[in-house]
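Quick notes on the structure that follows.
2 protein chains.
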Amino acid sequence: MNEERILLAHGSGGKLSHDLIENIFLKAFYNPILSPLSDQAVFASPAGRLAMTTDSYVVNPIFFPGGDIGKLAVCGTVNDLAVGGAMPLYMSVSFIIEEGMPVEDLKKIVRSMADAAKSCGVTIVTGDTKVVEKGKGDNIFINTTGVGVVKDGINLSPSFIRPGDAVIVSGTIGDHGMAILKERGGFDIPVVSDCAPLHELVRDILSTDAGIRAMRDPTRGGLATILNEFADSSGHAILIEEEKIPVKEAVKGACELLGFDPLYLANEGKIVVVTSKDSSERVLDAMRKNPLGNNAAIIGSILEGSVTGGGVNSPARPRVLLTTAFGNTRVVEKLTGEQLPRIC
Amino acid sequence: MNEERILLAHGSGGKLSHDLIENIFLKAFYNPILSPLSDQAVFASPAGRLAMTTDSYVVNPIFFPGGDIGKLAVCGTVNDLAVGGAMPLYMSVSFIIEEGMPVEDLKKIVRSMADAAKSCGVTIVTGDTKVVEKGKGDNIFINTTGVGVVKDGINLSPSFIRPGDAVIVSGTIGDHGMAILKERGGFDIPVVSDCAPLHELVRDILSTDAGIRAMRDPTRGGLATILNEFADSSGHAILIEEEKIPVKEAVKGACELLGFDPLYLANEGKIVVVTSKDSSERVLDAMRKNPLGNNAAIIGSILEGSVTGGGVNSPARPRVLLTTAFGNTRVVEKLTGEQLPRIC
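Taken in sequence, the protein lines are chains A and B.
Oh and the first sequence: position 152 is 152 in the numbering used here, straight run, nothing missing.
Oh and the second sequence: position 318 is 662 in the numbering used here, straight run, nothing missing.
Spelled out as structure tokens, the structure:
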């Protein structure tokens, strides 16, 4: 067994850095833009509007059911581009590695990034590696920054959301959060992360050419947080129905047992779409034809007028309301504490 | 005194994350592209060729004489674009913060980033914040990814380097490395980091329209590492003269005392330029007129033919040679170990 480990010198910019880049990164990510290994990648500027997004991934553990930090780092950034209507094109990758990390683990993660990038049609054009002393990091943190292009005619924004619009979610919620929880706690729950690239699902949604107002992927903070952001940005209250929200039985059961709410659990392969009421069925059909959207469901709608809270601790603002299975309606607040740290 | 500290919940994606973004990041970085706070920034694609570069900054300590991790994170990425001949335009910023970091420190760093971005004419368009548990990070790590545009007609690459070309360095070497060393060790050395944005110096160099072959900023691994990279990429040996390399007396003295070699110390505001022999004086003049280049010097030249080593431990490849003050000539090897971890 190979027990080679990352040393501080792998981050020195000297010979060991060079070896790491040549033997691991360039081998896995090879393409003509990356291969000169300059301080910067140069490529033709795509026509139209550019989209740019960045995320640092600190998920713990780095390997989990359904994926690893590498796959997550590529898919997460692709998804942040996709939900804005952008097709992902180029990506930078930057590693902060804790001294002592097994090189085998790094190789596995890098391979998984290369596979994900290939399946997303995204080119890894430039990168960076830093190594910090043992105890000053945690295994590996990865930043990916993506650049994509937004086709003419595509304009998405929560500010376009109107009363009567439909809210669609592309599948079961909470799978990623529960998969991480399962791995951390050693629980026996039949669930894997939904970590997946959503650019093709988004392409299918946009190809319906139906009144799409806004899209968002409900990662940290879960569905509840995204819906609150939609309400804040649009100025309209939102009503969703608990019974219509797809949640795997295993996730539902584990949430009850462990005291979590699936509405706040992170997802890494789901999308929330707000469309005009008229086009909602058409969009739903298009989503269900894509394997990543086959459990898609209309879960609620945008309300006429702004339903606000009242009182000192509940200042007036558009609210997200949930009708429970028992017919009660309650306010779904923003996540206020930390439900599950280092979920992505 | 404000003793507010960063909590895990500041990285949750929920309410505290939102507050941090609104009150600290958006306030400091405000611009119309960033302000929608979407998952992605959208802007018109600049005409021509795009350059993209990424770096994660893990410098320790985060405040040092002449700068801080924030200024470094903006300047370092601007410089990586600049040395490729690109004018910096857009930047993403991603923070990995250790739980417990004083909010005041974060504010100071963010202000310093905003100032640096303004002085570089670069727009911070998108960002991300993660928080890791106490002991799983070290204060703050910052990734910046920059996008710039390369003007038509500009083509720089170490592969263009030819025998007879001149090697110019823009000023004294080792200042940043020694400033960090001074701060870590509490030494009394009169030196501050040279951390500065180099895009205007590069603009001045390129405006000479003289045979510029390649430029590089000698950060991690120092001048020795960049020259070795130039030798490797061009296939030509390089000869430099010790007496011509600008080094501050204080840095020279401290290096002797502490056992460091200025050739390997990091710089954060210096540039190494290779030009045709004919245009070297013209380029030198242009550099010296810029305050960031007023100690610029021609330090050597590219050799005719490939001077290679020999023997088992010294495989044949183009070498960097240094003529010492005593008239001896020695090989300047690539940095093999770690001279000074977390220098940037």
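We treat Cβ as the ideally placed atom computed from N, Cα and C, and that holds for glycine.
What are the boundary residues of the alpha helix (DSSP H) that includes residue i?
i                        : result
threonine 421 of chain B : 413 to 426
glutamate 586 of chain B : Here glutamate 586 of chain B belongs to no alpha helix (DSSP H), and DSSP marks it neither H nor E.
arginine 203 of chain A  : 199 to 207
serine 233 of chain A    : 222 to 234
valine 103 of chain A    : 103 to 120
glycine 177 of chain A   : 175 to 185
arginine 626 of chain B  : 624 to 633
alanine 254 of chain A   : 249 to 258
Do you know offhand how far residue i's Cα is from residue j's?
i                            : j                           : result
proline 46 of chain A        : lysine 592 of chain B       : 45 Å
valine 656 of chain B        : serine 650 of chain B       : Interpretation of valine 656 of chain B is limited by its pLDDT of 49, a score under 50 that renders its predicted location unreliable; no figure is taken from the coordinates.
glycine 654 of chain B       : serine 503 of chain B       : Because the pLDDT of glycine 654 of chain B is 49, which lies under 50, any placement of that residue in the model is unreliable, and the question is left without a value.
glycine 613 of chain B       : methionine 87 of chain A    : 36 Å
leucine 292 of chain A       : alanine 426 of chain B      : 42 Å
alanine 254 of chain A       : isoleucine 189 of chain A   : 7 Å
threonine 172 of chain A     : leucine 265 of chain A      : 11 Å
serine 623 of chain B        : alanine 575 of chain B      : 20 Å
glycine 392 of chain B       : leucine 500 of chain B      : 15 Å
cysteine 688 of chain B      : asparagine 139 of chain A   : 19 Å
leucine 647 of chain B       : arginine 560 of chain B     : 19 Å
methionine 113 of chain A    : valine 511 of chain B       : 39 Å
phenylalanine 408 of chain B : glutamate 527 of chain B    : 6 Å
glutamate 243 of chain A     : alanine 325 of chain A      : 6 Å
alanine 41 of chain A        : phenylalanine 25 of chain A : 15 Å
glutamate 442 of chain B     : lysine 474 of chain B       : 9 Å
serine 645 of chain B        : isoleucine 589 of chain B   : 13 Å
glutamate 544 of chain B     : valine 132 of chain A       : 32 Å
aspartate 605 of chain B     : threonine 673 of chain B    : 16 Å
tyrosine 30 of chain A       : aspartate 115 of chain A    : 12 Å
valine 675 of chain B        : isoleucine 109 of chain A   : 37 Å
cysteine 120 of chain A      : leucine 89 of chain A       : 9 Å
valine 251 of chain A        : leucine 378 of chain B      : 36 Å
What residues from chain A crowd round residue i, counting only those whose CB sits closer than 7 Å?
i                        : result
threonine 489 of chain B : Thr54, Ser92 and Thr145
proline 390 of chain B   : Ser45
lysine 474 of chain B    : Ser56 and Val58
leucine 352 of chain B   : Glu338 and Pro341
valine 494 of chain B    : Val42
Mark residue i as exposed unless 16 or more other C-beta atoms lie within 10 angstroms of its C-beta, in which case mark it buried.
i                            : result
aspartate 496 of chain B     : exposed
aspartate 128 of chain A     : buried
aspartate 209 of chain A     : exposed
glycine 603 of chain B       : exposed
glycine 410 of chain B       : buried
proline 376 of chain B       : exposed
threonine 219 of chain A     : buried
lysine 462 of chain B        : exposed
proline 405 of chain B       : exposed
phenylalanine 439 of chain B : buried
aspartate 383 of chain B     : buried
lysine 371 of chain B        : exposed
With respect to 6 Å, is the separation between the Cβ of residue i and the closest non-hydrogen atom of the ligand FMN below this value?
i                     : result
alanine 47 of chain A : As for the ligand FMN, it is missing from this structure, which has no ligand bound.
Just reading off the beta strand (DSSP E) that residue i is part of, what are its end residues?
i                         : result
lysine 474 of chain B     : 467 to 476
isoleucine 440 of chain B : 430 to 442
aspartate 399 of chain B  : 393 to 401
alanine 44 of chain A     : 41 to 44
leucine 665 of chain B    : 664 to 667
serine 301 of chain A     : 297 to 302
Taking Cβ-Cβ distances shorter than 8 Å, what residues in chain A pair up with residue i?
i                      : result
leucine 679 of chain B : Ser12, Gly13, Gly14 and Lys15
Can you pull the chain B neighbours of residue i, defined as C-beta to C-beta under 9 Å?
i                        : result
aspartate 138 of chain A : Val476, Glu477, Gly479, Lys480 and Gly481
leucine 81 of chain A    : Asp383 and Gln384
leucine 50 of chain A    : Ala385, Val386, Phe387, Ala388, Ser389, Pro390, Leu394, Tyr434 and Val491
arginine 216 of chain A  : Ser382 and Asp383
Report the neighbours of residue i on chain B: residues whose CB is nearer than 8 Å to its CB, in chain order.
i                        : result
threonine 219 of chain A : Gly357
alanine 86 of chain A    : Gln384 and Val386
Since residue i meets chain A, which of its residues come closer than 9 Å, beta carbon to beta carbon?
i                            : result
phenylalanine 604 of chain B : Near phenylalanine 604 of chain B there are no residues of chain A at all, since even the closest Cβ is about 13 Å away, more than 9 Å.
Using a cut-off of 7 Å between C-beta atoms, extract the partners of residue i located in chain B.
i                     : result
valine 125 of chain A : Met396
In chain C, which residues lie less than 8 Å from residue i when you measure between Cβ atoms?
i                        : result
threonine 225 of chain A : In the structure shown, chain C does not exist; the protein chains are A and B.
Task: Three CB pairs or more closer than 8 Å across the segment 412 to 421 of chain B and the segment 502 to 516 of chain B - done: no
Task: Stretch pair the segment 530 to 545 of chain B + the segment 13 to 28 of chain A: three plus CB contacts closer than 8 Å - done: no
- [ ] Check whether the segment 392 to 412 of chain B touches the segment 143 to 157 of chain A, counting contact only when three or more Cβ pairs, one atom from each stretch, lie closer than 8 Å.
- [x] yes
Open item on the list: When you compare the segment 231 to 241 of chain A with the segment 92 to 112 of chain A, are there three or more beta-carbon pairs, one atom per stretch, that lie closer than 8 Å?
Closed with: no
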